[in-house]
Amino acid sequence: FPILHVPGLYLTYIGGNSKEIRAPAAISALSAADVEAGTPEGTVISAIGISVSLFISVAVMTIVAVAGNAILSVLPESVIVALNYLLPALFGAMWVQRIMFDYKTAALTIPMVMVLRVLQVKGAFARLPLGGGYAQILFAVLVGIFVSRKMNSAKIKEAAEKTTK
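Just remember that the working numbering sits 31 ahead of the position in the sequence shown, which is counted from 1.
As structure tokens, this is what we get:
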């Protein structure tokens, strides 16, 4: 908070990448301007640094989005086929983190997600609006939340009791 302050926090939470991009941009701006964090001047300088990083991020993303079709057209077919595995790989990485954190919940949710995948392949969600391609992920998240809450209800109650004391 002393580095980002109120405007910096607002910009950071809207723009994302707080630890990776926005905070280092604010620290660099404060260092370059030789201003101390937490002061009114520091607040303005960090907001300027974060704003500049946001503009650069949007500009780079716009260029990549516009040039994306041209970039994809020069990539070999094997790379384009491999890109189809990117999203499942990301979900797999997130699942592994979740399994390591709470293996009991994962032991129940993984079979449920497999059932949802089978339903997706068989076209069970095809009648939903927009083709239902989102349904498998939506239901997996909802099932995960429900199972996690049920499995950890005692911990949730205990934490709630501690905060009320």
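Backbone N, C-alpha and C fix where the C-beta goes; we use that ideal spot for every residue, glycine too. Model, not experiment: these values are computed from the prediction.
Item	Value
Three-pair Cβ contact test at 8 Å for the stretch 104 to 111 versus the stretch 61 to 78	no
Validate contact between the stretch 43 to 59 and the stretch 95 to 103 using beta carbons, cut 8 Å, 3 pairs	no
Test item: CB-CB of Leu42 and Ser88 under 9 Å	no
Three-state class that DSSP yields for Gly163 in the structure shown	helix
Ala60 in three-state terms, based on DSSP	helix
Span of the alpha helix (DSSP H) around Thr93	Pro71 to Val105
Contact check, Leu139 vs Val172, beta carbons under 9 Å	no
DSSP-derived helix/strand/coil call for Gly46	helix
Classification of Leu85 by the beta-carbon crowding that lies within 10 angstroms, buried from 16 upward	buried
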